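**Q** From first to last, the protein sequence lines stand for chains A and B.
Residue 14 is where the first sequence starts when you use our numbering, and the numbers rise one by one after that.
Residue 93 is where the second sequence starts when you use our numbering, and the numbers rise one by one after that.
Even for Gly, the Cβ is constructed at its ideal location relative to N, Cα and C.
In this text, all values refer to a predicted model and were calculated from it rather than measured experimentally.
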Amino acid sequence: MTTLVVRRDAATEKFFDGTARGELLIRHCTACGAHAAPQFEACPACQEPTAAWVPAAGTATVISWTAIHGRPGDDAPAPQRVVALVELAEGPWLYAALNGLRAGERPWPGMSVNVAFEHPEGGEAIPVFLPAA
Amino acid sequence: MTDMGKIYGRSPAGFAADAVRRAADDAGLALADLDGLLTSSGVLGGVGLDLQKDLGLKDLRLLSEVQAYGSTAGAMVQYASMAVRSGLAEAVACVFADAPLKEKTSSGAAYARAAGASGWRGLMAAAGIMGANPLYALAARRHMDTYGTTSEQLAHIAVAQRAWAATNPRAQLRDPITVDDHQASRMIAEPFHLLDCCLVTNGGIAVIVTTAERAAHLRRPPVHLLGWAQSHPGYPMHQGSDFGLVSGAAQAGPAALKMAGVSLGDVDVAELYDCYTFTVLLTLEDYGFCAKGEGGSFAASGALAPGGSLPVNTGGGQLSSYYMWGMTPLSEAVLQARGEAGERQVPRHDVVLVSGNGGILDHHSTLVLSPHPHA
Ligand SMILES: [Zn+2]
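1. For residue 79/A, go through chain B and note every residue whose CB falls closer than 7 Å to its CB, in chain order.
2. Quick one: grab the DSSP three-state call for residue 390/B.
3. Which same chain residues end up closer than 6 Å to residue 131/A when comparing Cβ atoms and leaving out the 5 residues on each side of it in sequence?
4. Using a Cβ cut-off of 9 Å, which residues of the region 330-357 of chain B contact any Cβ in chain A, in chain order?
5. Residue 237/B touches chain A at which residues, Cβ-Cβ below 8 Å?
6. Determine the direct distance from the alpha carbon of residue 93/A to that of residue 87/A, and round the result to whole angstroms.
7. Any heavy atom of ligand 1 closer than 7 Å to the CB of residue 59/A?
8. For chain B, check one thing: does any of its Cβ atoms lie closer than 8 Å to the Cβ of residue 60/A?
9. Are any of the Cβ atoms in chain B nearer than 8 Å to that of residue 100/A?
10. Going by other Cβ atoms of all chains shown within 10 Å of its Cβ, with 16 needed for buried, is residue 377/B buried or exposed?
11. Give the secondary structure of residue 228/B by DSSP, where H, G and I count as helix, E and B as strand, and everything else as coil.
12. Where does residue 32/A fall in DSSP's three states?
13. Output the boundary residues of the beta strand (DSSP E) element that contains residue 248/B.
14. Under a Cβ-count criterion, where at least 16 other Cβ atoms within 10 Å of its own Cβ denotes burial, should residue 424/B be classed as buried or exposed?
15. Sorted by chain position, which residues of the same chain lie with C-beta nearer than 8 Å to residue 207/B's C-beta, five sequence neighbours on each side aside?
16. With 7 Å as the limit, tell me which residues of the region 206-222 of chain B have their beta carbon closer than that to any beta carbon of chain A; keep them in chain order.
17. Since residue 21/A contacts residue 137/A with CB under 8 Å, what's their CB separation in whole angstroms?
18. What three-state label does DSSP hand residue 450/B in the structure shown?
19. Could you pull out every unbroken alpha helix (DSSP H) segment of at least 4 residues lying fully inside the region 127-153 of chain B, listed in chain order?
20. Within its chain, find whatever has a CB closer than 6 Å to the CB of residue 205/B; leave out the 5 residues flanking it on each side and keep chain order.
21. So residue 389/B packs on residue 167/B, CB below 8 Å; how close in whole Å?
22. Kindly identify the DSSP beta-bridge partner or partners of residue 235/B.
23. Just to confirm before moving on: does the CB-CB distance between residue 432/B and residue 302/B stay below 8 Å?
24. Does ligand 1 have a heavy atom nearer than 7 Å to the CB of residue 47/A?
25. Less than 8 Å between the beta carbons of residue 81/A and residue 99/A, yes or no?
26. For residue 267/B versus residue 287/B, is the C-beta distance shorter than 8 Å?
27. Express the C-alpha separation of residue 27/A and residue 55/A in angstroms, rounding to a whole number.
28. Looking at chain B, which residues of the region 41-69 of chain A have a Cβ within less than 9 Å of any of its Cβ atoms?
29. Buried or exposed: residue 45/A, going by 16 or more other Cβ atoms within 10 Å of its Cβ?
30. Using beta carbons (cut-off 8 Å, strictly below), is residue 325/B in contact with chain A?
31. Using a C-beta to C-beta distance shorter than 7 Å, which residues of chain A count as neighbours of residue 498/B?
32. Taking all protein chains shown into account, do 16 or more other C-beta atoms lie within 10 angstroms of the C-beta of residue 6/A, making it buried, or fewer, making it exposed?
33. Express the C-alpha separation of residue 65/A and residue 499/B in angstroms, rounding to a whole number.
34. Is residue 44/A near ligand 1, with its Cβ less than 7 Å from a heavy atom?
35. Using 8 Å as the limit for Cβ to Cβ distance, is residue 20/A near chain B?
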């Protein structure tokens, strides 16, 4: 399954500047101290309108996962891609590809994973997760 | 209700206009008798305020487009009822239509056109998440890991609904299936097989909401709206979220039953929103038909199938009959409440429970219908 190329827009400029240099930026509220997923412009915990960007530690656990199956080719088996809903150590949840599994291997809830970055040609760098060593 | 399924060359607005004409005719009303119109359409849109002019409706006193995804149909009926009760309007048509199927194009391609590749949505797409399948799959997997729910238990929901569809002439899929057929069907997004997923349908459905006094003098037996509620849980994307474990049905169900003055045990038939088998299972738990976490064994007991203790999705639902969002369960509920469901008519239909579900378990509507004005 090919990875789509992602373009930045006004809301995601800082986030993709972060992924380009290998940082997973999330939101941190200077008013109440809560962390939030990167798409929240205001703090969802206290409604402080401007939450700051901070780099996440990059460690997470799997909350849930799915394996998306493509259609089989003429003489190729159906491609499969594992996608996880992960909980960052700071608390926010993210959807991301979970790479680095052996063929047919599946994650489990609570599995430890670490962020890594893919740099598809012509698009922004995107965060993916790998099983923790 | 228009013809359903692979009907090409018509727009959502065309289906919507046809559905409103048919609903008015069914009720014994002229189009000119309508003074309110609420419109809705699928993710690709296409049914809006212009429907008034398409239908030649003059001097409407209520006109709006409503969007609450799969809970829209239930929500529209609630807003129409409030409008009628308040005197804002007296006869309100509520319509949904969609036409995602194009000749020689897969439905996946039809919906993929709606997905963007920039910004946060683009990031989701790059992660592999396009459309609802993977997101509901994540919800279902979480339920499985938490409560031990199995794919075979989900299969029983698909099998039961197909058994109901067998006697629904409007159903797109009527051939019986088994649990083994479900297990052997193509994997879409684990844990969902193809037979866990709803159909794609071109068509339109409308209902007309009016006062009980007026309905009593129309062509068809009236269906009374005894109770209603909505719930939009607003799951945080954060530690501690109940995503996948509980839906808005947990709040909306009891509230609607209380308004209707009935209890869960009074429900004769339930028409539950079924974008996936799992949605039915979660809704059954959240409404309280079984304990939290026991939806799988409840479904596997055969309770939902013809002859079971709780008839559910008696027309085949969106898994087997037609995919018209919240209008699918609502249309079957109206037929059952009227006693007009033909071979699949359930013998007792005094209290009919209807659910709508939208987003990724984000939006819920509940209606309690009855052929009687009071419980
Ligand atoms: Zn805050």
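**A** In this structure, then:
1. The residue given as residue 79/A occupies position 66 in the first sequence. Residues of chain B passing the Cβ test: 226, 229, 230, 233, 281 and 282.
2. Here the question's residue 390/B lines up with position 298 in the second sequence. Helix, per DSSP.
3. Taking the first residue of the first sequence as position 1, residue 131/A is located at position 118. Hits under 6 Å: 139 and 141.
4. 330, 331, 332, 333, 335 and 336
5. The residue given as residue 237/B occupies position 145 in the second sequence. Neighbours of residue 237/B on chain A, chain order: 77, 121 and 122.
6. Position 74 of the first sequence, counted from the first residue, corresponds to residue 87/A. Position 80 of the first sequence, counted from the first residue, corresponds to residue 93/A. Using only the alpha carbons, I get a separation of about 16 Å.
7. In the first sequence, the residue the question calls residue 59/A occupies position 46. Relative to ligand 1, residue 59/A has its C-beta within less than 7 Å of a heavy atom.
8. For the purposes of this step, residue 60/A is taken as the residue at position 47 of the first sequence. Output row for residue 60/A: interface = no.
9. Along the first sequence, one-based indexing puts residue 100/A at 87. It does; some Cβ of chain B falls within 8 Å.
10. Taking the first residue of the second sequence as position 1, residue 377/B is located at position 285. Looking at its Cβ environment, which holds 16 or more other Cβ atoms inside 10 Å, residue 377/B is buried.
11. Your numbering for residue 228/B matches position 136 in the second sequence. Helix, per DSSP.
12. As a first step, residue 32/A is located in the first sequence; it is residue number 19 there, counting from the start. It is helical.
13. As a first step, residue 248/B must be located in the second sequence, where it is residue number 156. No beta strand (DSSP E) contains residue 248/B, which is instead part of the alpha helix (DSSP H) from 243-257.
14. Counting from 1 along the second sequence, the entry for residue 424/B is found at position 332. Its Cβ being crowded by 16 or more others within 10 Å, residue 424/B is buried.
15. On the second sequence, position 115 is the one that residue 207/B refers to. In this prediction, residue 207/B scores a pLDDT of 47, lower than 50, which makes its location untrustworthy; the coordinate-derived value is nonetheless stated afterwards. Excluding residues within five positions, the ones whose Cβ falls inside 8 Å are 213, 217, 222 and 223.
16. Cβ contacts with chain A: 209, 210, 211, 212, 214, 215, 216, 217, 218, 219, 220 and 221.
17. As a working note, residue 21/A is residue 8 in the first sequence. As a working note, residue 137/A is residue 124 in the first sequence. Correct: roughly 6 Å between the Cβ atoms.
18. Walking along the second sequence from the start, residue 450/B turns up at place 358. DSSP places residue 450/B in strand when its eight states are reduced to three.
19. 143-146
20. Translated into positions along the second sequence, residue 205/B becomes position 113. Annotation note: pLDDT 47 at residue 205/B (below 50); position unreliable, no value reported.
21. Here the question's residue 389/B lines up with position 297 in the second sequence. Here the question's residue 167/B lines up with position 75 in the second sequence. About 32 Å; that fails the 8 Å criterion.
22. By 1-based counting over the second sequence, the position of residue 235/B is 143. According to DSSP, which records beta bridges pairwise, residue 235/B is partnered with nothing at all.
23. In the second sequence, counting from the first residue as 1, residue 432/B sits at position 340. In the second sequence, counting from the first residue as 1, residue 302/B sits at position 210. No; because the gap between Cβ atoms is not below 8 Å, this pair is not in contact.
24. Taking the first residue of the first sequence as position 1, residue 47/A is located at position 34. Checking the Cβ of residue 47/A against ligand 1 gives yes.
25. Within the first sequence, numbered from 1, the residue matching residue 81/A stands at position 68. Within the first sequence, numbered from 1, the residue matching residue 99/A stands at position 86. Taking 8 Å as the Cβ cut-off, residue 81/A and residue 99/A do not qualify as a contacting pair.
26. Taking the second sequence and counting its residues from 1, the one referred to as residue 267/B is at position 175. Taking the second sequence and counting its residues from 1, the one referred to as residue 287/B is at position 195. At least 8 Å separates the beta-carbon of residue 267/B from that of residue 287/B.
27. Walking along the first sequence from the start, residue 55/A turns up at place 42. Walking along the first sequence from the start, residue 27/A turns up at place 14. In a straight line, the C-alpha of residue 55/A is about 15 Å away from that of residue 27/A.
28. Shown in chain order are the members of the region 41-69 of chain A whose Cβ falls below 9 Å from a Cβ of chain B: 47, 48, 49, 50, 51, 52, 53, 57 and 58.
29. Taking the first sequence and counting its residues from 1, one reaches residue 45/A at position 32. It is exposed - the Cβ of residue 45/A has fewer than 16 other Cβ atoms within 10 Å.
30. As a first step, residue 325/B is located in the second sequence; it is residue number 233 there, counting from the start. Answer no: the Cβ-Cβ gap between residue 325/B and chain A never drops below 8 Å.
31. The structure shown has nothing for residue 498/B, since chain B only spans 93 to 467.
32. Nothing can be reported for residue 6/A: it is not among the residues displayed for chain A, which extend from 14 to 146.
33. This structure does not reach residue 499/B, given that chain B is present from 93 up to 467, and the question cannot be answered.
34. Walking along the first sequence from the start, residue 44/A turns up at place 31. The answer is yes for residue 44/A.
35. Along the first sequence, read from residue 1 onward, the residue named residue 20/A stands at position 7. Yes - at least one Cβ of chain B is within 8 Å of the one on residue 20/A.
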